[in-house]
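Worksheet: the structure to be examined is printed underneath.
The following block contains the structure:
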(Lines of atoms letter the chains of each structure in order from A and count residues from 1; the text may use other names and numbers.)
(Lines give C-alpha, C1' and ligand atoms only; values in the text may rest on other atoms or scores of the structure.)
Protein backbone atom coordinates (compact mmCIF):
# COMPACT_ATOMS: atom_id res chain seq x y z
CA UNK A 1 0.00 0.00 0.00
CA UNK A 2 1.41 3.39 -0.97
CA UNK A 3 1.37 6.47 1.24
CA UNK A 4 -1.23 8.16 -0.94
CA UNK A 5 -3.54 5.15 -0.48
CA UNK A 6 -3.45 5.58 3.30
CA UNK A 7 -4.52 9.19 2.93
CA UNK A 8 -1.52 11.46 2.35
CA UNK A 9 1.96 11.73 0.90
CA UNK A 10 4.76 14.28 1.39
CA UNK A 11 6.29 15.37 -1.92
CA UNK A 12 9.27 17.66 -2.44
CA UNK A 13 9.62 19.91 -5.45
CA UNK A 14 12.99 18.91 -6.99
CA UNK A 15 13.67 22.47 -8.17
CA UNK A 16 12.92 24.75 -5.21
CA UNK A 17 13.02 21.96 -2.57
CA UNK A 18 9.70 23.04 -1.06
CA UNK A 19 7.35 20.44 0.36
CA UNK A 20 3.67 19.82 -0.31
CA UNK A 21 1.28 17.26 1.15
CA UNK A 22 -1.03 15.40 -1.22
CA UNK A 23 -4.08 14.30 0.81
CA UNK A 24 -7.11 13.52 -1.40
CA UNK A 25 -9.13 11.97 1.43
CA UNK A 26 -9.34 15.33 3.18
CA UNK A 27 -11.77 16.42 0.49
CA UNK A 28 -14.27 14.04 2.15
CA UNK A 29 -14.33 16.01 5.41
CA UNK A 30 -17.69 17.35 6.55
CA UNK A 31 -17.69 21.12 6.30
CA UNK A 32 -19.93 24.18 6.42
CA UNK A 33 -18.72 25.82 3.21
CA UNK A 34 -22.04 25.27 1.48
CA UNK A 35 -23.90 27.01 4.28
CA UNK A 36 -25.44 23.79 5.62
CA UNK A 37 -23.98 22.63 8.93
CA UNK A 38 -23.64 18.83 9.17
CA UNK A 39 -24.44 16.90 12.34
CA UNK A 40 -21.47 17.51 14.61
CA UNK A 41 -19.23 14.49 15.37
CA UNK A 42 -17.57 16.35 18.26
CA UNK A 43 -20.69 16.83 20.39
CA UNK A 44 -21.39 14.72 23.51
CA UNK A 45 -23.40 11.60 22.75
CA UNK A 46 -21.64 11.09 19.41
CA UNK A 47 -18.36 9.73 20.72
CA UNK A 48 -18.78 6.66 18.49
CA UNK A 49 -18.71 8.91 15.42
CA UNK A 50 -15.00 9.62 15.86
CA UNK A 51 -11.98 7.32 15.92
CA UNK A 52 -11.28 5.83 19.35
CA UNK A 53 -10.22 8.58 21.74
CA UNK A 54 -6.61 8.70 22.91
CA UNK A 55 -6.95 11.19 25.77
CA UNK A 56 -9.54 13.13 27.73
CA UNK A 57 -9.95 15.48 30.65
CA UNK A 58 -12.91 14.32 32.76
CA UNK A 59 -14.09 10.75 33.55
CA UNK A 60 -10.71 9.25 32.72
CA UNK A 61 -10.90 5.80 31.22
CA UNK A 62 -14.59 6.04 30.43
CA UNK A 63 -15.67 6.65 26.86
CA UNK A 64 -18.90 8.35 27.88
CA UNK A 65 -20.30 11.83 27.31
CA UNK A 66 -18.95 13.34 30.54
CA UNK A 67 -15.75 15.00 29.42
CA UNK A 68 -14.24 18.49 29.45
CA UNK A 69 -11.64 18.10 26.68
CA UNK A 70 -11.41 15.14 24.32
CA UNK A 71 -8.58 14.07 21.98
CA UNK A 72 -9.08 11.70 19.04
CA UNK A 73 -7.11 10.81 15.91
CA UNK A 74 -8.08 12.91 12.92
CA UNK A 75 -10.29 10.84 10.63
CA UNK A 76 -8.79 12.64 7.63
CA UNK A 77 -5.07 12.97 8.46
CA UNK A 78 -2.34 14.70 6.50
CA UNK A 79 0.49 13.54 8.80
CA UNK A 80 1.60 10.24 10.41
CA UNK A 81 0.18 11.46 13.73
CA UNK A 82 -2.71 13.91 13.43
CA UNK A 83 -5.08 14.60 16.33
CA UNK A 84 -8.20 16.63 17.04
CA UNK A 85 -8.38 18.33 20.45
CA UNK A 86 -12.03 19.19 21.11
CA UNK A 87 -11.99 22.16 23.47
CA UNK A 88 -15.30 21.64 25.24
CA UNK A 89 -18.58 19.70 25.07
CA UNK A 90 -20.30 23.03 24.29
CA UNK A 91 -20.94 23.14 20.55
CA UNK A 92 -21.33 26.91 20.53
CA UNK A 93 -18.51 27.79 22.93
CA UNK A 94 -15.16 29.15 21.75
CA UNK A 95 -11.95 30.74 22.92
CA UNK A 96 -13.92 34.00 22.90
CA UNK A 97 -16.41 32.69 25.48
CA UNK A 98 -14.64 30.05 27.61
CA UNK A 99 -13.74 31.02 31.15
CA UNK A 100 -10.14 31.33 32.27
CA UNK A 101 -10.01 27.82 33.74
CA UNK A 102 -11.15 26.18 30.50
CA UNK A 103 -8.56 28.05 28.45
CA UNK A 104 -5.92 26.92 30.95
CA UNK A 105 -7.07 23.31 30.48
CA UNK A 106 -6.74 23.67 26.72
CA UNK A 107 -3.19 25.03 26.90
CA UNK A 108 -2.34 22.34 29.46
CA UNK A 109 -3.57 19.61 27.09
CA UNK A 110 -1.46 21.21 24.34
CA UNK A 111 1.57 20.67 26.57
CA UNK A 112 0.65 17.08 27.42
CA UNK A 113 0.15 16.11 23.78
CA UNK A 114 3.30 17.97 22.74
CA UNK A 115 5.33 16.01 25.29
CA UNK A 116 3.74 12.77 24.12
CA UNK A 117 5.14 13.20 20.60
CA UNK A 118 8.11 15.58 20.72
CA UNK A 119 10.59 12.73 20.16
CA UNK A 120 8.69 11.47 17.10
CA UNK A 121 8.88 14.58 14.94
CA UNK A 122 7.94 18.25 14.72
CA UNK A 123 4.80 18.79 16.82
CA UNK A 124 2.76 21.50 15.14
CA UNK A 125 -0.27 22.69 17.14
CA UNK A 126 -2.72 24.98 15.35
CA UNK A 127 -6.25 26.34 15.67
CA UNK A 128 -8.59 27.56 12.92
CA UNK A 129 -11.56 29.65 14.03
CA UNK A 130 -14.23 30.86 11.64
CA UNK A 131 -14.95 30.42 7.94
CA UNK A 132 -12.23 32.91 7.00
CA UNK A 133 -9.61 30.78 8.77
CA UNK A 134 -10.28 27.40 7.08
CA UNK A 135 -12.51 26.08 9.86
CA UNK A 136 -14.34 23.01 8.53
CA UNK A 137 -16.57 22.33 11.55
CA UNK A 138 -17.71 25.06 13.97
CA UNK A 139 -17.38 23.02 17.19
CA UNK A 140 -14.23 24.64 18.57
CA UNK A 141 -11.15 22.43 18.30
CA UNK A 142 -7.41 22.47 17.77
CA UNK A 143 -5.36 20.18 15.56
CA UNK A 144 -1.98 18.62 16.34
CA UNK A 145 0.13 17.23 13.51
CA UNK A 146 3.48 15.49 13.94
CA UNK A 147 5.59 16.23 10.88
CA UNK A 148 8.60 13.98 10.11
CA UNK A 149 11.96 15.54 11.09
CA UNK A 150 13.24 15.51 7.50
CA UNK A 151 10.45 17.82 6.31
CA UNK A 152 11.54 21.47 6.32
CA UNK A 153 8.82 23.73 7.71
CA UNK A 154 8.87 27.35 6.58
CA UNK A 155 7.94 28.96 9.91
CA UNK A 156 9.29 32.31 11.16
CA UNK A 157 11.97 32.00 13.84
CA UNK A 158 12.00 34.19 16.93
CA UNK A 159 14.34 37.17 16.83
CA UNK A 160 14.53 40.38 18.82
CA UNK A 161 11.25 41.57 20.31
CA UNK A 162 9.83 44.47 18.29
CA UNK A 163 6.86 46.77 18.90
CA UNK A 164 6.11 45.42 22.34
CA UNK A 165 2.69 46.48 23.60
CA UNK A 166 2.23 44.40 26.75
CA UNK A 167 4.53 43.09 29.45
CA UNK A 168 2.96 40.48 31.73
CA UNK A 169 4.51 38.34 34.43
CA UNK A 170 5.79 35.65 32.07
CA UNK A 171 5.09 36.93 28.55
CA UNK A 172 5.76 39.83 26.22
CA UNK A 173 3.25 40.62 23.47
CA UNK A 174 4.44 42.25 20.26
CA UNK A 175 3.66 42.99 16.62
CA UNK A 176 6.92 42.22 14.76
CA UNK A 177 8.13 44.74 12.15
CA UNK A 178 7.83 42.09 9.45
CA UNK A 179 4.30 40.97 10.37
CA UNK A 180 2.58 39.46 7.35
CA UNK A 181 -0.97 40.06 8.61
CA UNK A 182 -2.66 43.18 10.00
CA UNK A 183 -2.67 43.09 13.81
CA UNK A 184 -0.93 39.74 14.10
CA UNK A 185 0.39 39.23 17.63
CA UNK A 186 3.27 37.15 18.93
CA UNK A 187 3.01 35.98 22.53
CA UNK A 188 6.61 35.45 23.59
CA UNK A 189 7.75 33.78 26.83
CA UNK A 190 10.27 35.78 28.84
CA UNK A 191 12.11 32.55 29.59
CA UNK A 192 13.44 32.00 26.08
CA UNK A 193 15.11 29.03 24.42
CA UNK A 194 12.66 26.27 25.40
CA UNK A 195 10.06 24.16 23.64
CA UNK A 196 6.37 24.45 24.47
CA UNK A 197 6.69 21.15 26.32
CA UNK A 198 8.70 22.98 28.99
CA UNK A 199 6.03 25.57 29.83
CA UNK A 200 5.23 25.69 33.55
CA UNK A 201 1.83 25.65 35.21
CA UNK A 202 2.31 29.25 36.31
CA UNK A 203 3.12 30.23 32.72
CA UNK A 204 0.03 28.40 31.44
CA UNK A 205 -2.10 30.47 33.81
CA UNK A 206 -0.53 33.71 32.55
CA UNK A 207 -0.71 32.59 28.91
CA UNK A 208 -4.43 31.91 29.20
CA UNK A 209 -4.97 35.38 30.68
CA UNK A 210 -3.01 37.38 28.08
CA UNK A 211 -4.40 35.29 25.21
CA UNK A 212 -8.00 35.95 26.18
CA UNK A 213 -7.28 39.62 26.87
CA UNK A 214 -5.80 39.95 23.37
CA UNK A 215 -8.84 38.36 21.73
CA UNK A 216 -11.09 40.81 23.58
CA UNK A 217 -8.99 43.75 22.37
CA UNK A 218 -9.11 42.49 18.80
CA UNK A 219 -12.88 42.33 18.98
CA UNK A 220 -12.85 46.12 19.28
CA UNK A 221 -11.38 46.27 15.77
CA UNK A 222 -12.99 43.34 13.99
CA UNK A 223 -16.27 42.72 15.79
CA UNK A 224 -17.52 39.75 17.74
CA UNK A 225 -16.28 36.27 16.82
CA UNK A 226 -13.95 37.21 13.95
CA UNK A 227 -11.98 34.55 12.06
CA UNK A 228 -8.45 33.88 13.25
CA UNK A 229 -5.70 31.29 13.42
CA UNK A 230 -3.10 30.58 16.03
CA UNK A 231 -0.18 28.20 16.11
CA UNK A 232 2.67 27.33 18.44
CA UNK A 233 6.19 27.24 17.04
CA UNK A 234 7.17 23.54 17.11
CA UNK A 235 10.87 23.89 17.89
CA UNK A 236 13.03 25.50 20.55
CA UNK A 237 12.46 29.16 21.48
CA UNK A 238 8.70 28.70 21.13
CA UNK A 239 6.10 31.42 20.75
CA UNK A 240 2.38 31.58 20.03
CA UNK A 241 1.38 33.49 16.89
CA UNK A 242 -2.18 34.85 16.75
CA UNK A 243 -3.35 35.89 13.27
CA UNK A 244 -6.67 37.70 12.66
CA UNK A 245 -7.84 36.72 9.17
CA UNK A 246 -8.99 40.17 8.15
CA UNK A 247 -7.65 40.07 4.61
CA UNK A 248 -7.46 37.51 1.81
CA UNK A 249 -4.05 36.88 0.20
CA UNK A 250 -4.08 38.00 -3.43
CA UNK A 251 -2.36 36.77 -6.54
CA UNK A 252 0.84 38.66 -5.80
CA UNK A 253 1.14 37.10 -2.34
CA UNK A 254 0.28 33.61 -3.57
CA UNK A 255 2.69 33.86 -6.47
CA UNK A 256 5.67 35.44 -4.77
CA UNK A 257 5.28 34.46 -1.12
CA UNK A 258 5.70 38.15 -0.23
CA UNK A 259 2.81 39.41 1.91
CA UNK A 260 1.37 42.91 1.72
CA UNK A 261 0.43 44.11 5.22
CA UNK A 262 -1.99 47.05 5.14
CA UNK A 263 -1.38 48.07 8.77
CA UNK A 264 2.03 49.20 10.03
CA UNK A 265 2.92 46.86 12.95
CA UNK A 266 3.94 49.90 15.01
CA UNK A 267 0.43 51.29 14.57
CA UNK A 268 -1.12 47.92 15.41
CA UNK A 269 0.94 47.65 18.60
CA UNK A 270 -0.03 51.18 19.66
CA UNK A 271 -3.72 50.48 19.13
CA UNK A 272 -3.56 47.14 20.95
CA UNK A 273 -1.86 48.80 23.90
CA UNK A 274 -4.74 51.24 24.42
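In the UniProt record's numbering, the protein residues as written are 1 to 274. Even glycine gets a Cβ: it sits at the ideal position worked out from N, Cα and C.
Here residue 269 is not near residue 115, since their CB atoms are 8 Å or more apart. For residue 241, the closest of 180, 68, 263 and 220 by C-alpha to C-alpha distance is 180.
Residue 272 sits buried, since 16 or more C-beta atoms from the chains shown fall within 10 Å of its C-beta. Take the alpha-carbon of residue 48 and the one of residue 148: they are about 30 Å apart. Residue 128 sits in a strand when the DSSP states are folded into three classes.
Of 233, 141 and 249, the smallest CA-CA separation from residue 257 is found for 249. Counting C-beta pairs closer than 8 Å gives fewer than three between the region 150-162 and the region 131-138, which falls short of the contact rule. In this structure, residue 146 and residue 208 do not form a Cβ contact; the two beta carbons are roughly 24 Å apart against a cut-off of 8 Å.
Residue 206: member of the alpha helix (DSSP H) spanning 201-222, first to last residue. Burial of residue 127 is indicated by the presence of at least 16 other C-beta atoms within 10 angstroms of its C-beta. About 5 Å separates the beta carbons of residue 239 and residue 186, which is inside the 8 Å limit, making them a contact pair.
In terms of CA proximity to residue 193, 234 leads the group 10, 253 and 234. In this structure, residue 87 and residue 40 do not form a Cβ contact; the two beta carbons are roughly 13 Å apart against a cut-off of 8 Å. One Cα belongs to residue 222, the other to residue 103, and the distance between them is close to 22 Å.
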